[in-house]
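Residue 331, in the UniProt record's numbering, is where the sequence shown stops; the numbers in between run on with no holes.
All C-beta atoms in this analysis are idealised placements derived from N, C-alpha and C, irrespective of residue type, glycine included.
The structure appears right after this line, and notes come after that.
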Amino acid sequence: MPKIGDIQLPDFPLLLAPMEDVSDPPFRALCKENGADVVYTEFISSEGLIRDAAKSVMKLDIYEKERPVGIQIFGANLDSMLQSVDIVEKSNPDIIDINFGCPVKKVVSKGAGAGILKDIDLMVSLTKAMVERTKLPITVKTRLGWDENSIKIVEVAEKLQDVGCKAIAIHGRTRAQMYKGSANWEPIAAVKNNPRMHIPVFGNGDVDTPEAAVKMRDEFGLDGAMIGRASIGYPWFFNEVKHYFKTGEHLAPPTMEERVEAARRHLQMSIDWKGEKLGVFETRRHYTNYFKGIPNFKEYRMKMVTSDDAADVFAAFDEALEKFGDYEFSH
């Protein structure tokens with residue numbers, strides 16, 4: 001059974017990946033209820049924290065019901081990262097995670113996220129300094145390398161472990177790939193199979209079916225799966241994977257009533273947390289998946305994703321339930 005520091009996890013845990021404008025407290029709560037074992041915050045800029053930028057500070061909100069929860073920070077400046085560790089500690093998370101994998105240009109151009117994959121020495125020294133700064137377990141999320149020609153993830157993971165990193169999650173793509181092509185889990189398995197590695201090694205990328213999770217566990221021998229895009233607008237994914245692990249069978253997909261109820265709760269929690277304007281806007285990206293596969297649904301989805309008024313969105317949920325309440329979903 002894997003452990004992150006002193007945190008005991010179940011056999012092959014499922015982790016909710018940190019995703020910008022997705023893994024906020026409302027969505028984390030839904031994923032936790034539906035079987036996620038560990039959840040991570042959206043990534044938070046160390047520079048933003050130090051400047052006390054409202055958006056960065058707000059992302060530090062965590063709730064008892066979501067534990068164990070990790071707060072993820074990114075940056076490339078040692079002083080800023082150390083100061084942000086001190087700030088993050090006050091929110092009392094269970095884990096502090098360092099983002100060494102975000103491929104987005106505005107992050108990479110500052111040498112942060114996946115940008116640091118060009119400077120492995122800095123990656124290791126930053127991790128070491130942060131481990132020494134806090135008693136909380138430090139974990140890392142990263143990618144295979146900058147591009148196909150610079151994949152040294154076995155060596156990199158070992159170095160990170162040696163300076164005190166307590167777990168590593170590896171996305172099976174390079175920065176050059178962004179999110180294109182298929183994730184390659186072979187190099188992640190090579191990290192796990194390195195006889196010197198003893199910290200948990202979690203796989204990330206293309207775990208989009210229960211079968212894929214089984215493959216990651218049984219064929220690649222990893223310690224757990226970090227789930228990202230498959231969970232957006234579909235928090236049930238975690239329980240579906242767990243059910244498949246136990247029975248070898250697919251759990252029946254959620255009914256229209258369950259989907260509307262989840263979408264309603266999601267929107268209401270978002271409004272309660274960040275106000276109507278942002279709550280309505282940032283929950284939109286989930287509706288495509290909440291209601292995926294329903295024929296002739298476009299009219300209702302358009303209302304959900306174009307209205308700025310919460311009352312109109314709630315009304316669209318009610319209309320959709322009335323119209324498609326008997327629709328039978330399939331996997």
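### Task
State the start and end residues of the unbroken alpha helix (DSSP H) segment that holds His171.
Judged by DSSP secondary structure, His171 falls outside any alpha helix (DSSP H) and instead within the beta strand (DSSP E) spanning Ile168 to His171.
### Query
Near Ala169, what residues of its chain come up, given a Cβ to Cβ distance below 6 Å and the 5 sequence neighbours on each side ignored?
Lys141, Phe202, Asn204 and Met226
### Task
Could you tell me which residues DSSP puts in a beta bridge with Tyr40?
Gly70
### Task
Report yes if the CB atom of Glu66 is closer than 8 Å to the CB atom of Val39, and no otherwise.
Going by C-beta atoms, Glu66 is nearer than 8 Å to Val39.
### Pair within 8 Å by beta-carbon distance, Tyr300 and Glu282
no
### Query
Candidates Phe317, Trp273 and Ala167: which alpha carbon is nearest Tyr287's?
Phe317
#### Entry: Assigned exposure category for Lys166 - 16 Cβ within 10 Å defines buried
Residue environment analysis places Lys166 among the buried positions, since at least 16 neighbouring C-beta atoms fall within 10 angstroms of its C-beta.
### Query
By Cβ distance below 6 Å, which residues in the same chain neighbour Lys242 in space, the five residues on each side in sequence not counted?
If the five residues before and after Lys242 are omitted, its C-beta is found closer than 6 Å to the C-beta atoms of Gly35, all from its own chain and listed in chain order.
### Query
In terms of residue numbering, what span does the beta strand (DSSP E) encompassing Met226 cover?
Gly224 to Ile227
### Query
Can you name the start and end residues of the beta strand (DSSP E) that Arg143 belongs to?
Going by DSSP, Arg143 is part of the beta strand (DSSP E) stretching over Ile138 to Arg143.
### Query
When the Cβ atoms of the stretch 100-118 are set against those of the stretch 175-183, are three or more pairs found closer than 8 Å?
yes
### Message
Which residues does DSSP list as the beta-bridge partners of Glu14?
### Response
Correcting the residue type first, residue 14 is Leu in the shown sequence and not Glu. Paired residue(s): Ala225.
### Query
Between the C-alpha atoms of Met216 and Ala311, what's the straight-line distance to the nearest angstrom?
43 Å
### Task
Take Leu49 as the anchor and find which of Asn194, Asp21, Val88 and Arg28 has the nearest alpha-carbon.
Val88
### Query
Asp121 by DSSP, collapsed to three states: which one?
Three-state DSSP puts Asp121 in a helix.
### Task
Determine contact between the stretch 13-30 and the stretch 77-88, defined as no fewer than three beta-carbon pairs at a distance below 8 Å.
Contact between the stretch 13-30 and the stretch 77-88 is absent, because fewer than three Cβ pairs lie under 8 Å.
### Query
Where does Gly181 land, buried or exposed, given buried means 16+ other C-beta within 10 angstroms?
exposed
### Query
Nearest-angstrom Cα distance between residue 333 and Asn184?
Residue 333 cannot be examined here, being either before or after the span of the chain that is shown, 1 to 331.
### Task
Quick one: using the 10 Å Cβ neighbour count with 16 as the cut-off for buried, is Met1 buried or exposed?
Met1 should be labelled exposed.
### Query
Can you tell me whether Tyr290 is buried or exposed, with buried defined as 16 or more other CB within 10 angstroms of its CB?
It counts as buried.
### Query
Helix, strand or coil for Asn204 per DSSP?
If DSSP states are grouped into helix, strand and coil, Asn204 belongs with the strands.
### Query
Are Ile71 and Ser91 close, meaning C-beta to C-beta below 8 Å?
yes
### Query
Nearest CA to the CA of Phe245: which residue from Pro210, Ala252 and Phe220?
Pro210
### Query
Which residues in the same chain have their Cβ closer than 7 Å to the Cβ of Arg133, if we skip the five residues on either side of it in sequence?
Leu82 and Val85
### Query
At which residues does the alpha helix (DSSP H) containing Asn239 begin and terminate?
Where Asn239 is concerned, the enclosing alpha helix (DSSP H) stretches over Phe237 to Thr247.
### Message
At the level of alpha carbons, what is the spacing between Ser307 and Lys59?
### Response
Cα to Cα, the separation comes out at about 25 Å.
### Message
Tell me which residue opens and which closes the beta strand (DSSP E) that Phe314 is part of.
### Response
From DSSP, Phe314 is part of no beta strand (DSSP E) but of the alpha helix (DSSP H) over Ala310 to Phe324.
### Query
So what's Lys3 in DSSP terms, helix, strand or just coil?
Lys3: strand per DSSP, three-state reduction.
### Message
In the DSSP assignment, the beta strand (DSSP E) including Asn99 goes from what residue to what residue?
### Response
Where Asn99 is concerned, the enclosing beta strand (DSSP E) starts and stops at Ile95 to Phe100.
### Task
Tell me, please, whether the stretch 151-167 touches the stretch 122-139 by the rule of three or more beta-carbon pairs shorter than 8 Å.
Contact between the stretch 151-167 and the stretch 122-139 is established, with three or more Cβ pairs separated by less than 8 Å.
### Cβ-based neighbour list, Val163, same chain, cut-off 7 Å, excluding 5 preceding and 5 following
Val124, Thr127, Lys128 and Val131
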